[in-house]
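Line by line, the protein sequences give chains A and B. According to my numbering, the residues represented by the first sequence are 5 to 380, in order. According to my numbering, the residues represented by the second sequence are -16 to 444, in order. Beta carbons: idealized from backbone N, C-alpha and C, even for Gly.
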Amino acid sequence: MKYIKISFIAIFICVISAFFILTIDNHKEVSELEKRTLQTFPEFSIEKLASEEYYNDLTAAFSDQLEFRDILVKGYYIFQFQRYNGDVVIGENDELYAAYQRVDEDYYEDLRTNAGYANEVAAEVIDAGADFTFLSIPRKDAIETENLPDSYISSEESYLKAVDILDEVLSDDIRFIDAYDVFKANDDVRAYYTTDHHITPRAAFMLYHEVLKACGMPDYPVEEHYDVEKTIINGSFNNQIGQSVKSKPEELSMVPHEETAYERSEDGEKSDLAVFRSRNTYEDSYMEGDHAYTVIDTGRDHLPNIMYVGSSFTNIMEAVTIRDFNLMVSIDYRHNETGTSIAEYVKKHDIDHVIFIPSQSNDAFSKIMMKKHLGR
Amino acid sequence: MVFSSAIFLFSFLPILLLAYFIVPAKAKNYVLLAFSMVFYAFGGPKYLVVLLFVVLVDYIGARLIEKKRDSAKKILTAVIAVNLATLVFYKYTMFFLENLSVLFQADLEFFEVIMPIGISFYTFQSMSYVIDVYRREVAVQKNYLLLLLYVSLFPQLVAGPIVRYQTIEHEINNRKSSINDVCYGVERFILGFAKKIIIANQMGMLADIVFDGGTEYTPVAWLGAIAYMFQIYFDFSAYSDMAIGLGRIFGFHFLENFNFPYVSKSIKEFWSRWHISLSTWFRDYVYIPLGGNRCSAGRHFFNMAVVWALTGFWHGAEWTFLFWGLYYFVFLAIEKFIIKDKLDKIPTVLRHIGTLLIVLIGWVLFRAEDMGTFTNMVGTMFSFNFDAVGMAEARLYIETYFVYFIGAIIFSTPIYYKICGRFENSKVFAVIKYGGLLVLMLVSVMFLAHSSYNPFIYFRF
Chain A
5 MKYIKISFIA IFICVISAFF ILTIDNHKEV SELEKRTLQT FPEFSIEKLA
55 SEEYYNDLTA AFSDQLEFRD ILVKGYYIFQ FQRYNGDVVI GENDELYAAY
105 QRVDEDYYED LRTNAGYANE VAAEVIDAGA DFTFLSIPRK DAIETENLPD
155 SYISSEESYL KAVDILDEVL SDDIRFIDAY DVFKANDDVR AYYTTDHHIT
205 PRAAFMLYHE VLKACGMPDY PVEEHYDVEK TIINGSFNNQ IGQSVKSKPE
255 ELSMVPHEET AYERSEDGEK SDLAVFRSRN TYEDSYMEGD HAYTVIDTGR
305 DHLPNIMYVG SSFTNIMEAV TIRDFNLMVS IDYRHNETGT SIAEYVKKHD
355 IDHVIFIPSQ SNDAFSKIMM KKHLGR
Chain B
-16 MVFSSAIFLF SFLPILLLAY FIVPAKAKNY VLLAFSMVFY AFGGPKYLVV
34 LLFVVLVDYI GARLIEKKRD SAKKILTAVI AVNLATLVFY KYTMFFLENL
84 SVLFQADLEF FEVIMPIGIS FYTFQSMSYV IDVYRREVAV QKNYLLLLLY
134 VSLFPQLVAG PIVRYQTIEH EINNRKSSIN DVCYGVERFI LGFAKKIIIA
184 NQMGMLADIV FDGGTEYTPV AWLGAIAYMF QIYFDFSAYS DMAIGLGRIF
234 GFHFLENFNF PYVSKSIKEF WSRWHISLST WFRDYVYIPL GGNRCSAGRH
284 FFNMAVVWAL TGFWHGAEWT FLFWGLYYFV FLAIEKFIIK DKLDKIPTVL
334 RHIGTLLIVL IGWVLFRAED MGTFTNMVGT MFSFNFDAVG MAEARLYIET
384 YFVYFIGAII FSTPIYYKIC GRFENSKVFA VIKYGGLLVL MLVSVMFLAH
434 SSYNPFIYFR F
């Protein structure tokens, strides 16, 4: 018995000592697994010993620099039985869905007021000379209801109820496009990624067709002008529930057959950021992420000018728009704090069509989100 | 620094073990002291001054009491006053200012006092030493550094158990770490580490979802409350397990702080099994000096009220904690003065259920940020809202946390220790047990690597 105990103690001490020896000299700056920068060991000095920050950095660094950290994190999923982590749920098809958000009756009551903001903005936009389209995109769980865990509450019902209210309250001057109808009518097309809350290129293209129709312009099949490439996607849900879902290659990047010449500016400054890129995240693939105020000028004055107002869901729409419009302006009021209204941008850029896409979530139509996305 | 951190397990501990076991016996205490200071510095180096000051006051006070027995009571009063003043200043100043601001409708929170980690524990521990010297229950410690070691010994410094000086008085100067001690210490540490990392943290996630997000559904509210009940037990008892285990590695025998409280059949029994070092501290240093139960019924009632109000307030500078203490006072008084011996006539199962229900509601009060949150949560628990949405939400949580709930239920009972005791002399069982513990440690490290969600709840006390 004594030798068993000695062996147990020896293994314990060897393990903790080995981790110490292997970790202390590490200097990793980025975790590929987690897609984040890591805390490195702070430089030692006598003065720093009195600083609380030094100890906090040291603790964080040891955790981040821990040898075998990536293997251990992956190993965690062997022993974790969660289908839900507070933000993300694993569906019956082993896909990821955003955790549902509860809405109550007050939400629907507020929606009537909130739709009023859209009416006010639309009136200003129309006065400024453009038309106003409200493009509503539901959450993934409202469309793929059959794949949700039994215990999951789909947002389909609350979304449809909200759309009914919008239908009733929104001004007749606003064109309303409901992506729900588009996706349901084309259920053979994957609308959302396995591990991300955004819409796929083909789904975006279906919506873009609706935009073209609203703008009185002809549409065309995606293959006519783009190759759609597949890749393993590092989606927005991956970081939240880690390695639980093994991603398969999915269509992500769009490669135009012909480049459209353009000049891009961000916040009024010339920018070299790309419109299309072949990367493995949605954010990296279209417009290089979210920006406060983007202008893409193709210098083709005979074509109309369009403006998108919304969040990351506009990015893919913006990218495909450039081929068909003279000027594409995009405003994201989550980042744009200039106080300039949509109508003022319409006047400034002589916009013909404004497409408003509120952030895709159950609270997309809430007071805060609606006001924020409309820049009010 | 917390035990359930990579820096503690893979840096502090191996270096300390190496340093401790290679230095000569005379230097071991100073190695432990130096490492305890470093350990505490991770929680805020400037607060070391407060710790050193409190121990210095108690050191001088105890020596004066020993020298001047005639004035011992006055010296003791002065020393306790300084200790309590320090505790009250750091722990309750902001609470008083906040309440005075509300009362006088004025902004009196013109400065901020941040509470040093573990102050509630180490002031109580240090005070108990002086009181014990006054009572001639322990000999005065003439070496300030050794007294500092007793108070600041890192395993129990920041979250207890509140170790009495008499418990380790002898071991400070004369102790040995046998193979059995180290083995038991490592086993206990790993078990505590796993309880904290695997069960308490997972239960904490569910409790946070329900308490922070609020709910209108009865089953969800119950699940949140039960999750918190397990979280607080596995969080705090795990810390005690690790503290006791680490103490044993270095040859100290700390007393048990928990004894499976959720198997209790009465509130009195619950408090004899929960945070034992605190209950006995209040019993020996407050309740008995007030007269205990050897007085009139009215005085006895008053003594109980004082002790439980103080117990509640000790846990935090919030009204909810005070009410939580008084909540237990009410039930203990009912048991003591109304139910009396009739309790034994109630079927065991009902006593279990009743006790757990009272404890559960108590934890809801303990977790609530204010009385409004508490009443809302308890209101929801008893609103019988079994709406389909709520049932579905509850099912989702059960599916998600099922394994952790099962683990929590099993380790809330003495099953593990009963099995270990039964096969104590079996070599095959020993290999399985110690092998299993090493695997458990590896799994816990995986959870640790994955999650940064590991604050110990009891640090804020």
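Item, Value
"Give the residues from the segment 345 to 360 of chain A that approach chain C closer than 7 Å (Cβ to any Cβ), ordered along the chain.", "The structure shown contains no chain C; the protein chains it does contain are A and B."
"What is the DSSP secondary structure of PHE180 of chain A, reduced to helix, strand or coil?", "strand"
"Alpha carbon to alpha carbon, how far is THR338 of chain B from ILE392 of chain B?", "16 Å"
"Determine the chain B residues that contact TYR111 of chain A at a beta-carbon separation under 8 Å, and present them in chain order.", "Under the 8 Å cutoff, chain B gives no residues; its nearest Cβ is about 14 Å from TYR111 of chain A."
"Distance check for LEU343 of chain B and MET212 of chain B, CA to CA, integer angstroms please.", "6 Å"
"Using the beta-carbon count (16 or more within 10 Å), is SER111 of chain B buried or exposed?", "buried"
"Secondary structure at ARG283 of chain A, three-state DSSP: helix, strand or coil?", "coil"
"If you reduce the DSSP assignment to three classes, tell me which class LYS274 of chain A lands in.", "strand"
"In chain B, which residues lie less than 9 Å from THR27 of chain A when you measure between Cβ atoms?", "ALA(-11), PHE(-7), SER(-6)"
"My understanding is that ASN190 of chain A touches ASN151 of chain A, with C-beta atoms under 8 Å, so please give their C-beta distance in whole angstroms.", "Not a contact, Cβ separation roughly 17 Å."
"Is there a C-beta anywhere in chain B that falls below 7 Å from the one on ILE157 of chain A?", "yes"
"Can you give me the C-alpha to C-alpha distance between TYR59 of chain A and VAL428 of chain B, rounded to a whole angstrom?", "21 Å"
"Note down the Cα distance separating ASN184 of chain B from PHE66 of chain A, rounded to an integer number of angstroms.", "20 Å"
"Mind checking if ARG87 of chain A is an interface residue toward chain B, Cβ cutoff 7 Å exclusive?", "Its pLDDT being 49, under 50, ARG87 of chain A is placed unreliably in this model, and the value from its coordinates should be taken loosely. With 7 Å as the cut-off, ARG87 of chain A counts as an interface residue toward chain B."
"Count the C-beta pairs between the segment 328 to 341 of chain A and the segment 297 to 313 of chain A that are closer than 8 Å, then say yes if the count reaches three, no if not.", "yes"
"Quick one: which chain B residues come within Cβ less than 8 Å of VAL77 of chain A?", "MET429, ALA432, HIS433"
"Between ALA210 of chain B and MET225 of chain B, which are expected to be in contact by the criterion C-beta below 8 Å, what is the C-beta distance as a whole number of angstroms?", "Incorrect: roughly 22 Å between the Cβ atoms, too far for contact."
"Can you tell me the Cα-Cα spacing of GLY272 of chain A and ASN340 of chain A, whole angstroms?", "12 Å"
"For ARG73 of chain A, which residues in chain B fall below 8 Å Cβ to Cβ?", "ALA432"
"Is there at least one Cβ from chain B nearer than 7 Å to THR44 of chain A's Cβ?", "no"
"Residue range of the alpha helix (DSSP H) that PHE385 of chain B falls in?", "371 to 394"
"Please classify PHE48 of chain A: does DSSP put it in a helix, a strand, or coil?", "coil"
"List the endpoints of the continuous beta strand (DSSP E) containing PHE360 of chain A.", "357 to 361"
"Using a Cβ-Cβ distance cut-off of 7 Å, determine whether SER67 of chain A contacts chain B.", "yes"
"What alpha helix (DSSP H) runs, 4 residues minimum, are completely inside the segment 250 to 289 of chain B?", "250 to 256, 259 to 265"
"How long is the line joining the alpha carbons of VAL269 of chain B and VAL290 of chain B, rounded to whole angstroms?", "7 Å"
"If I measure Cβ to Cβ from ARG231 of chain B and keep anything under 7 Å in the same chain, skipping five residues before and after, which residues do I get?", "ASP164, TYR167, GLY168, ARG171"
"Can you give me the Cβ contacts of LYS52 of chain A inside the same chain, cut-off strictly under 6 Å, excluding the 5 residues immediately before and after it?", "TYR58"
"Flag PRO164 of chain A as yes if its beta-carbon sits less than 7 Å from any beta-carbon of chain B, otherwise no.", "One point to set straight first is that residue 164 of chain A is Leu, not Pro, in the sequence displayed. It does not: the Cβ of LEU164 of chain A has no partner Cβ on chain B nearer than 7 Å."
"Just curious, the alpha helix (DSSP H) that THR358 of chain B is in, first and last residue?", "354 to 364"
"Report buried or exposed for GLU148 of chain A, applying the criterion of at least 16 other Cβ atoms within 10 angstroms of its Cβ.", "buried"
"Note down, in chain order, every chain B residue with its Cβ under 7 Å from the Cβ of SER35 of chain A.", "The contacting residues do not exist; SER35 of chain A stays about 11 Å from chain B at best."
"In the segment 47 to 65 of chain A, which residues sit with their C-beta less than 9 Å from some C-beta in chain B, listed in chain order?", "LEU53, ALA54, SER55, GLU56, TYR58, TYR59, ASN60, LEU62, THR63, ALA64, ALA65"
"Using only the alpha-carbon positions, how far apart do ALA221 of chain B and LEU115 of chain A sit?", "48 Å"
"Could you give the first and the last residue of the continuous alpha helix (DSSP H) run that contains ALA68 of chain B?", "55 to 87"
"Starting from LEU115 of chain A, find everything on chain B with Cβ-Cβ shorter than 7 Å and list it in chain order.", "The contacting residues do not exist; LEU115 of chain A stays about 19 Å from chain B at best."
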